[in-house]
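Residue numbers (this note's numbering): 1266 to 1415.
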């Protein structure tokens, strides 16, 4: 009986730990609101539903424990569908659809990762599919350069 309880406990702990090992994706306006309370850069994953490389990023790179940890610690992570004209939100006094925001950020290929500094004014892009190590290297260079809009 003790072994059964111990086994169930380990399974439940394993499920809990595994459930925490994912990127905490937000909507754009949620990330902006969170940034006002605790400033961090925003990592915006601009994707389309038909993009095979976007799906591969979701399936592989964004499941990598190091990538998950790095993004969750340093960024507010946002998913933005570059073709969604229905869902709208306010940003800096203007209304945007997800598609319009992607256009304003000058995204022209997918996947594309837009990094917005803590002041929500300066952006840079990290375009294209990347394996976990490549993705971490690219993000690391941006963070190391002190991309903070200062």
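Backbone N, C-alpha and C fix where the C-beta goes; we use that ideal spot for every residue, glycine too.
- For residue 1309, the enclosing beta strand (DSSP E) covers residues 1306 to 1312.
- Only exposed fits residue 1303, as fewer than 16 other CB atoms lie within 10 angstroms of its CB.
- In this structure, the beta-carbon distance from residue 1307 to residue 1381 falls below 9 angstroms.
- Per the Cβ contact rule, the segment 1338 to 1357 is in contact with the segment 1291 to 1298 (3 or more Cβ pairs under 8 angstroms).
- If the five residues before and after residue 1385 are omitted, its C-beta is found closer than 7 angstroms to the C-beta atoms of 1297 and 1300, all from its own chain and listed in chain order.
- Looking at the DSSP output, residue 1291 shares a beta bridge with 1343.
- Rounded to whole angstroms, the separation of the alpha carbons of residue 1378 and residue 1371 is 11 angstroms.
- Close CB contacts of residue 1392 within its chain, under the 6 angstroms cut and outside five residues either way in sequence, are with 1374 and 1377 (chain order).
- In the three-state reduction of the DSSP assignment, residue 1376 falls in the coil class.
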